[in-house]
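When you line the sequence shown up against our numbering, it's residues 32 to 206, in that order.
Structure first, then comments.
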Amino acid sequence: MTLPRPKTKYILDANVFIQAKRQKYYGFDCCPGFWDFLSWSHGQNRIFSIDRVRQEIETGEDDLADWAVDTIPNTFFKSTQEINVLAHYQSIITWVQSHKTFQKSSKDEFASNADGWLIAFAKATGYTLVTLEKHDYQEIKAKIPNVCKIFGVPHIDTFDMLRALNTNFIWQPPS
């Protein structure tokens, strides 16, 4: 895998946040450095997400939702209402809906969540999309990597982003 260019900007899928918290590998209690890293990297103009991801996170009504509302500045969540994002979104949704092997339920889910908006935003801005979704080689489900490939949008997972940004979380003995 080729890592992104040094000044690449990243747009994060909801699953980056949700899985980090739910799977507990970057829980707020045991790895606050991950969450601090996201905030700091945003301040460096490198990491963002979109308004529709924020909406998905806020439905959780948990500490992740509190973090999105209370800790992260509003500028972290970019608007999807820009004309060029809307145009790309329309093309993406049209392609997904006309895809012959994607299941109807997968097409409906794709149209109702933030995935298409993330891809459209990344396409419009040149950002790299960060997601934990994996390519569906059977092409039954409309997955972010499948659609990114068709539209020429670069995508990586959380761990490749951390490596590209030379991130490490250093353990310190309890005081």
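The beta-carbon is built from N, C-alpha and C at its ideal position, and this holds for glycine as well.
(request) Label residue 171 either buried or exposed according to how many other C-beta atoms from any shown protein chain fall within 10 Å of its C-beta, with 16 as the threshold for buried. (result) As a first step, residue 171 is located in the sequence shown; it is residue number 140 there, counting from the start. That one is exposed.
(request) Look up residue 111 in the DSSP assignment and say whether it is helix, strand or coil. (result) In the sequence shown, the residue the question calls residue 111 occupies position 80. Three-state result, residue 111: coil.
(request) Please confirm if the stretch 86 to 99 is in contact with the stretch 39 to 56, defined as three or more CB-CB distances below 8 Å between the two stretches. (result) Inter-segment contact for the stretch 86 to 99 and the stretch 39 to 56 is present: three or more beta-carbon pairs are separated by less than 8 Å.
(request) Tell me where the beta strand (DSSP E) around residue 100 begins and ends. (result) For the purposes of this step, residue 100 is taken as residue 69 along the sequence shown, with counting starting at 1. That residue, residue 100, is in no beta strand (DSSP E); it is neither H nor E in DSSP.
(message) Between the stretch 97 to 110 and the stretch 119 to 126, can you find at least three pairs of beta-carbon atoms closer than 8 Å?
(response) Because the criterion of three Cβ pairs below 8 Å is not met, the stretch 119 to 126 and the stretch 97 to 110 do not touch.
(request) Following the continuous beta strand (DSSP E) through residue 175, name the residue where it begins and the one where it ends. (result) Against the sequence shown, residue 175 aligns to sequence position 144. Note, residue 175: premise wrong, no beta strand (DSSP E); alpha helix (DSSP H) at 175 to 182.
(request) Give me the Cα-Cα distance between residue 56 and residue 189, rounded to the nearest whole angstrom. (result) Within the sequence shown, residue 56 is the residue found at index 25, counting from 1. Within the sequence shown, residue 189 is the residue found at index 158, counting from 1. Rounded to whole angstroms, residue 56 and residue 189 show a C-alpha spacing of 12 Å.
(request) Could you name the residues that DSSP lists as bridge partners for residue 41? (result) Along the sequence shown, read from residue 1 onward, the residue named residue 41 stands at position 10. According to DSSP, which records beta bridges pairwise, residue 41 is partnered with 78 and 159.
(message) Suppose the cutoff is 8 Å on Cβ atoms and the five residues either side in sequence are ignored; what does the same chain contact list for residue 111 look like?
(response) What you label residue 111 is simply residue 80 of the sequence shown in a count that begins at 1. Within the same chain, 81, 82, 83, 117, 120, 148, 151 and 152 come within 8 Å of residue 111 by CB-CB distance, once the 5 residues on both sides are set aside.
(message) So, under 8 Å CB-CB, residue 68 and residue 198 are touching, yes? Tell me the CB distance rounded to an integer number of Å.
(response) Stepping through the sequence shown from its first residue, residue 68 is reached at position 37. Stepping through the sequence shown from its first residue, residue 198 is reached at position 167. Right, their Cβ atoms sit about 6 Å apart.
(message) Just to confirm my understanding: we take residue 65, look at its own chain, exclude 5 residues before and 5 after, and list those with CB closer than 7 Å. What are they?
(response) Reading the sequence shown from its first residue, position 34 is the one you call residue 65. Within the same chain, Cβ atoms closer than 7 Å to the Cβ of residue 65 are found at 51, 57 and 200, the five residues on either side in sequence being excluded.
(request) Give the DSSP-derived three-state secondary structure of residue 166 in the structure shown. (result) Against the sequence shown, residue 166 aligns to sequence position 135. In this structure, DSSP gives residue 166 a state outside helix and strand, which the three-state scheme calls coil.
(message) I need the straight-line Cα distance from residue 192 to residue 161, nearest angstrom please.
(response) Numbered from 1 along the sequence shown, position 161 holds the residue referred to as residue 192. Numbered from 1 along the sequence shown, position 130 holds the residue referred to as residue 161. Approximately 7 Å, taken between the alpha carbons.
(request) Measure the C-alpha to C-alpha separation of residue 144 and residue 174 and round it to an integer number of angstroms. (result) Indexing the sequence shown from 1 puts residue 144 at position 113. Indexing the sequence shown from 1 puts residue 174 at position 143. Distance between the alpha carbons of residue 144 and residue 174 is about 12 Å.
(request) Under 8 Å Cβ to Cβ from residue 61, same chain only, skipping five residues before and after it: list those, please. (result) As a first step, residue 61 must be located in the sequence shown, where it is residue number 30. In its chain, beyond the 5 residues on either side, 55 have a beta carbon closer than 8 Å to the beta carbon of residue 61.
(message) Rounded to whole angstroms, what is the Cα-Cα separation between residue 129 and residue 179?
(response) Within the sequence shown, the letter at position 98 stands for residue 129. Within the sequence shown, the letter at position 148 stands for residue 179. CA-to-CA, the gap between residue 129 and residue 179 works out to about 16 Å.
(request) Could you have a look at residue 171 and say whether DSSP puts it in helix, strand or coil? (result) As a working note, residue 171 is residue 140 in the sequence shown. Residue 171 sits in coil when the DSSP states are folded into three classes, being neither helix nor strand.
(request) Leaving aside the five residues before and after residue 78 along the sequence, list all residues of the same chain whose C-beta is less than 7 Å from its C-beta, in chain order. (result) The residue you call residue 78 lines up with position 47 of the sequence shown. In chain order, 41, 43, 69 and 72 place their CB closer than 7 Å to the CB of residue 78, counting only its own chain and leaving out the 5 sequence neighbours on each side.
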